[in-house]
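Below: one structure, written as structure tokens.
Numbering (UniProt numbering), first residue to last: 1 to 273.
Here it is in structure tokens:
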């Protein structure tokens, strides 16, 4: 009888200790998340120290996403309720207001974004490169769903009138390695020319993130003094990429194989578009 009561007491103590351990563990995780997700100056400093600490590889893997990824449905509602979700999204992803210098104001840039998937990544990219003096045009692959296209429209609307989406009936069904890869950019670039007096335009895909600030880009591009950044290959190289069959598009000039990415000055863009 006595031994049975002792066993029950022992089990009860073990259960209490277990619950205390679980409570302590989850409290520790919550504190870690507060450390990472808080946006005060102190929390931002702590977050950097945490992410770059040598002994935090496991924790970094667990908490490496500092803001959640959202689905299409979230972005479809972005501008409802007086834009509350829009403001929250921009604040949570990039809470600090970025100062804009005189150099940036007098040297606006144009961006063409070609996207076909990863709606949350598209929104993050636009949030990080957005500046009010720049201009942005987004081309959404015709193959994407109407829901995805409308979500991209809501993202552009969230940022303002200097961000626009190529109309659905003008979008291109893009096939990799085909002329349509270039065609989608030409459609977006023509639209970009009508939207503002930018100096250079930069093309991006929806799967990228910036490594330089807008000011760093402006200072670098200003030093080009009107030159372009274009990486091209002469036609006698890689001839297997140039089929002998008749082209499916009008050919009025000599074509070269080039990199997907480039930076083009405005006056040269307007001459050829």
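Where a beta carbon is used, it is the ideal one built from N, C-alpha and C, also for glycine.
For residue 202, the enclosing beta strand (DSSP E) stretches over residues 200-205.
When DSSP assignments are scanned along the segment 157-222, the uninterrupted stretches of alpha helix (DSSP H) that are 4 or more residues long and fall wholly within it turn out to be 180-193 and 214-222. Residue pairing by DSSP puts residue 114 in a beta bridge opposite 139 and 205. For residue 107, the CB contacts under 8 Å within the same chain, skipping 5 residues up- and downstream, are 199, 218, 221 and 222 in chain order. In the DSSP assignment, the residues bridged to residue 109 are 200.
In chain order, 159 place their CB closer than 6 Å to the CB of residue 130, counting only its own chain and leaving out the 5 sequence neighbours on each side. Residue 263 is bridged by DSSP to 202 and 229. Of the residues assessed, residue 120 falls on the buried side of the cut-off, its CB having 16 or more other CB atoms within 10 angstroms.
Contact between residue 151 and residue 261 does not hold, since the beta-carbon distance rounds to 25 Å and is not under 8 Å. If you draw a straight line from the Cα of residue 168 to the Cα of residue 140, it is about 8 Å long.
Ranked by Cα distance from residue 209, the options 113, 71, 193 and 266 are led by 113. Its Cα nearest to that of residue 216, the residue 103 stands out among 180, 162, 148 and 103. In the three-state scheme derived from DSSP, where H, G and I count as helix and E and B as strand, residue 134 is classed as coil.
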